[in-house]
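J.: According to our numbering, the residues represented by the sequence shown are 2 to 178, in order.
Idealized CB from N, CA, C, for every residue including glycine.
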Amino acid sequence: MAEEQARLEVEQAAQLVRQAAAACERQIALEHEQRSTLAESWISRRNEGPASDGKVDGDSSTVRGEAAEEKGWLMEEAVLEFFGWKRVRLEQLREAELRRMEPMIENYTERRRELRQTEQLVEQQAMIEAMEQDRRAQAQTDEWFLQRSSIQQRRELQRAQNKEKPETPVEGAPSGV
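(1) For Trp86, tell me which candidate among Gln16, Ala69, Gln20, Glu32 has the shortest Cα-Cα distance.
(2) Of the choices Ile106, Ala140, Arg160, Trp74, whose alpha-carbon is the least far from that of Ser45?
(3) In whole angstroms, what is the alpha-carbon distance linking Lys56 and Ala69?
(4) Taking all protein chains shown into account, decide if Phe84 is buried (16 or more other Cβ within 10 angstroms of its Cβ) or exposed.
(5) Determine, using beta-carbon pairs with one atom in the stretch 7 to 17 and one in the stretch 104 to 124, whether at least three such pairs fall under 8 angstroms.
(6) Could you say which of Leu91, Met76, Arg155, Arg113 lies nearest to Thr38 if we only look at CA atoms?
(7) Are the CB atoms of Glu82 and Val18 nearer to each other than 8 angstroms?
(8) In whole angstroms, what is the alpha-carbon distance linking Ile29 and Ser42?
(9) For Met102, which of helix, strand or coil comes out of DSSP?
(10) Whole angstroms is fine: what's the gap from Gln121's alpha carbon to Arg90's?
(11) Where does Lys72 sit, in a helix, a strand or coil, going by DSSP?
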């Protein structure tokens, strides 16, 4: 029972570790995707160059365009930084679950070892009892054969003694000549 409880605790902790690891992997993928998006937007903006063609007031709209680009860039950077923080936190949670799981595993292995030792002791005791029962049965069988042999030897001795004695007439019995 204790082994089963310990096993369930280990399985639950392992499930939490797997969930944390999967969340961490998803976060890494999101962070990578955000980095790619940020790099693509930066490359495309650099390739476009200054966007002053067709503008009425080139200087002010360029400044506004650059400010909007910078805001967009900063927002993307902020999202990227947020993803990084979240990934670090998920990694910390996963590590904490792994540390929490270690004593559970030790507890489970200890319970399992205790159960196996108990099972071995029970099996050994059953073997000892079976051997003792076999020994007693053999002793009874040996005793029975000894008694039988002894009875047969006494009978044979009595027969032999009876054959050696001549028959004596019984007193008061008529003689048969």
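T.: Result, derived from the coordinates:
(1) For the purposes of this step, residue 86 is taken as residue 85 along the sequence shown, with counting starting at 1. Minimum Cα distance to Trp86 is reached at Glu32.
(2) The residue given as residue 45 occupies position 44 in the sequence shown. Selected option, being the one with the closest Cα: Trp74.
(3) As a working mapping, residue 56 is identified with position 55 in the sequence shown. As a working mapping, residue 69 is identified with position 68 in the sequence shown. With a pLDDT of 48 at Lys56, under the threshold of 50, the modelled position of that residue is not reliable, and the figure given next carries that caveat. Straight-line Cα distance between these residues: approximately 16 angstroms.
(4) The residue labelled residue 84 in the question sits at position 83 within the sequence shown. Counting Cβ neighbours within 10 Å, Phe84 comes out buried, since at least 16 surround it.
(5) yes
(6) The sequence position of residue 38 within the sequence shown is 37, counting from 1. Ranking the options by Cα distance to Thr38, first place goes to Met76.
(7) For this step, residue 82 is matched to residue 81 along the sequence shown. For this step, residue 18 is matched to residue 17 along the sequence shown. Cβ distance not < 8 angstroms, so Glu82 and Val18 don't count as in contact.
(8) Counting from 1 along the sequence shown, the entry for residue 29 is found at position 28. Counting from 1 along the sequence shown, the entry for residue 42 is found at position 41. If I take the Cα positions, the gap works out to 20 angstroms.
(9) Walking along the sequence shown from the start, residue 102 turns up at place 101. In this structure, Met102 counts as helix in the three-state DSSP scheme.
(10) In the sequence shown, the residue the question calls residue 121 occupies position 120. In the sequence shown, the residue the question calls residue 90 occupies position 89. So the alpha carbons of these two residues sit roughly 46 angstroms apart.
(11) The sequence position of residue 72 within the sequence shown is 71, counting from 1. If DSSP states are grouped into helix, strand and coil, Lys72 belongs with the helices.
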